[in-house]
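Residue numbers (the numbering used here): 5 to 134. From the three backbone atoms N, C-alpha and C, an ideal C-beta is built for every residue, glycine too.
In structure tokens:
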């Protein structure tokens, strides 16, 4: 049984290693702190993400505003060529944020977030009309 599970895991990793990757990042932002949160994102996160698009590490990204639904009121979707591109893009965005947002401002932004989670997907099928 153990060999079967390890073999299955290995095959899963091999089959998705070069697959297009989508990362969905969710935040629960404290009620009443949306304006400050969004201003911080606009000033300190978007320029770093834009740089990663320009460098070819991110294909596209979208920052979604919450109209209605569940408690995750900030969602960012990143589309990437593969998982390795995500690792490079993430390091670049985090570095830009650390170098450009003052320490106290970064701490304030983190206090505005109640919870955070990421989901990283391998795209199995996609179709778009561009």
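DSSP beta-bridge partners of residue i
| i | result |
| --- | --- |
| residue 50 | None, per the DSSP bridge assignment. |
| residue 44 | BP columns for residue 44 are empty, so no partner. |
Residue i - DSSP class collapsed to helix/strand/coil
| i | result |
| --- | --- |
| residue 113 | helix |
| residue 98 | helix |
| residue 31 | strand |
| residue 56 | helix |
| residue 92 | helix |
| residue 123 | strand |
| residue 108 | helix |
| residue 103 | helix |
Buried versus exposed, by CB contacts within 10 Å (16 or more), residue i
| i | result |
| --- | --- |
| residue 82 | buried |
| residue 95 | exposed |
Cα-Cα separation between residue i and residue j, rounded to whole angstroms
| i | j | result |
| --- | --- | --- |
| residue 41 | residue 69 | 12 angstroms |
| residue 66 | residue 80 | 6 angstroms |
| residue 59 | residue 119 | 30 angstroms |
| residue 111 | residue 117 | 10 angstroms |
| residue 48 | residue 73 | 27 angstroms |
| residue 43 | residue 130 | 33 angstroms |
>> With three or more C-beta pairs closer than 8 angstroms as the rule, is the segment 48-55 touching the segment 95-113?
In response: yes
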